[in-house]
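Each residue of the sequence shown is one higher than the one before, counting from 85 in the working numbering.
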Amino acid sequence: MNIAIIGAGNVGGALGKAWAKAGHTIIFGVRNPGHGKTQPPLAEIGTAASAVLVPDAVRRAEVVVLATPWPAVPDAISAMGELRGKTLIDCTNPLSLAGDGSLSLSLGSTTSGAEEVERLAPGANVVKAFNTYGWENFADSSYPNSAGLKPVMFYCGDDDAAKGQVSQLAADLGFEPVDTGGLGMARSLEPMALLWIRLSIRDGRNANFTWARLTR
Ligand SMILES: NC(=O)c1ccc[n+]([C@@H]2O[C@H](COP(=O)([O-])OP(=O)(O)OC[C@H]3O[C@@H](n4cnc5c(N)ncnc54)[C@H](OP(=O)(O)O)[C@@H]3O)[C@@H](O)[C@H]2O)c1
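Next comes the structure, spelled out in structure tokens:
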């Protein structure tokens, strides 16, 4: 797939490197293609990646990945241009940092970041995914002590074809893709990110753990 990744930070860089290894073409959509932060993932991926301005990246891709901080989401989406018919994977979390340093979600329960993204991107097929744990686990999804269990990648959205693409992209990185339902399920997936962050901080910023599913 041709994948436009908007934001070449922790999440965008890790996903880009991992998907390039799986054979996909990565187009980083950034505000400044010559900027230092974009150069490490570009150098690591080589010819399977390029960095261009945001609207150019979106034009060239069938799948667009939104990987910016939450406050930048409106600007980033408005810079994308025409999104009608494209799959838009929303990796963001509407995190809010209080004065005492505690984290929470700035919205939730009766809506979600993903539903706000859908409102800002009319015609795009929004799928929430790659948001429930830290980027370190996108970069390397192997867990030597997992006794064969795969880490899960929860996702949700309203368009089956778009969800099929996301399922494939998650499987390509070694995850067990789990379709949790319509986009409104993001109201449950975004708090999972907060849980993961709080556990990670409690454990001395240990980022090397993820979610798995046991069934019988
Ligand atoms: N960190 C994690 O482990 C993790 C895991 C899951 C989900 N998330 C969520 O994923 C999102 C990204 O997190 P991150 O840690 O990757 O952030 P990050 O390292 O700060 O990277 C954010 C990227 O977004 C770009 N950006 C900022 N404003 C933009 C705009 N208006 N238009 C286009 N690009 C813009 C930045 O570009 P510049 O270099 O030009 O500033 C930067 O490359 C957040 O919403 C976060 O909650 C994070």
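By construction, the Cβ of each residue, glycine as well, lies at the ideal position given by its N, Cα and C atoms.
Pro261 to Val236 span [Cα, whole Å]: Here residue 261 refers to the residue found at position 177 of the sequence shown. Here residue 236 refers to the residue found at position 152 of the sequence shown. So the two alpha carbons sit approximately 6 Å from each other.
Proximity winner among Gly197, Leu298, Ala213 and Ser134, relative to Gln252 (alpha-carbon distances): Within the sequence shown, the letter at position 168 stands for residue 252. With distances taken between Cα atoms, Gln252 lies closest to Ala213.
Where the beta strand (DSSP E) containing Gly197 begins and where it ends: Within the sequence shown, the letter at position 113 stands for residue 197. It is not in any beta strand (DSSP E) - Gly197 instead sits in the alpha helix (DSSP H) that spans Gly197 to Leu204.
Minimum C-alpha distance to Ser284 - residue among Tyr217, Gly113, Ala141 and Arg300: Stepping through the sequence shown from its first residue, residue 284 is reached at position 200. Out of Tyr217, Gly113, Ala141 and Arg300, the CA that lies nearest to the CA of Ser284 is found in Tyr217.
Best match in Gly183, Ser186 and Thr176 for proximity to Ser196 [C-alpha to C-alpha]: Within the sequence shown, the letter at position 112 stands for residue 196. That would be Thr176, whose Cα lies nearest to the Cα of Ser196.
Buried/exposed call for Gly91, threshold 16 Cβ in 10 Å: On the sequence shown, position 7 is the one that residue 91 refers to. By the neighbour-count rule (16 or more Cβ atoms within 10 Å), Gly91 is buried.
Cβ-Cβ distance between Ala102 and Arg144 below 8 Å: Position 18 of the sequence shown, counted from the start, is the residue given in the question as residue 102. Position 60 of the sequence shown, counted from the start, is the residue given in the question as residue 144. Cβ atoms of Ala102 and Arg144: not closer than 8 Å.
Environment of Asn221 [buried if 16+ CB atoms lie within 10 Å]: In the sequence shown, counting from the first residue as 1, residue 221 sits at position 137. It counts as buried.
Exposure of Leu233, with buried meaning 16 or more beta-carbon neighbours within 10 Å: In the sequence shown, counting from the first residue as 1, residue 233 sits at position 149. Flag for Leu233 reads exposed.
Residues near Ala223 by beta carbon distance below 8 Å, same chain, minus five either side: Taking the first residue of the sequence shown as position 1, residue 223 is located at position 139. The residues are Ala98, Lys101 and Ala102.
Per-residue DSSP class, three states only, for Pro155: Numbered from 1 along the sequence shown, position 71 holds the residue referred to as residue 155. Reduced to three states, the DSSP call for Pro155 is helix.
Buried or exposed by the 16-neighbour rule on C-beta atoms within 10 Å, applied to Gly130: For this step, residue 130 is matched to residue 46 along the sequence shown. It counts as exposed.
Contained beta strand (DSSP E) runs [length at least 3] in the region 182-267, N- to C-terminal order: Within the region 182-267, the complete beta strand (DSSP E) runs of at least 3 residues are 187-189, 209-212, 236-241 and 260-263.
Alpha carbon of Arg203 to alpha carbon of Pro155, nearest angstrom: Numbered from its first residue, the sequence shown carries residue 203 at position 119. Numbered from its first residue, the sequence shown carries residue 155 at position 71. Pro155 has its alpha-carbon roughly 15 Å from the corresponding atom of Arg203.
N- and C-terminal bounds of the beta strand (DSSP E) containing Leu172: In the sequence shown, residue 172 corresponds to position 88, counting from 1. Leu172 -> beta strand (DSSP E) spans Thr171 to Asp174.
Straight-line Cα distance separating Ala132 from Glu200: The residue you call residue 200 lines up with position 116 of the sequence shown. The residue you call residue 132 lines up with position 48 of the sequence shown. Those two C-alpha atoms are separated by around 32 Å.
Rounded C-alpha distance that separates Ser230 from Arg271: For the purposes of this step, residue 230 is identified with residue 146 of the sequence shown, where counting begins at 1. For the purposes of this step, residue 271 is identified with residue 187 of the sequence shown, where counting begins at 1. Roughly 28 Å between the two C-alpha positions.
Gly97 - DSSP class collapsed to helix/strand/coil: Within the sequence shown, the letter at position 13 stands for residue 97. In the three-state DSSP reduction, Gly97 falls in the helix class (H, G or I).
Where the alpha helix (DSSP H) containing Ala127 begins and where it ends: One-based indexing of the sequence shown puts residue 127 at position 43. Ala127 -> alpha helix (DSSP H) spans Gln123 to Ile129.
Buried or exposed (CB count within 10 angstroms, at least 16 for buried), Asn116: As a working mapping, residue 116 is identified with position 32 in the sequence shown. Exposed: under 16 other Cβ atoms inside 10 Å.
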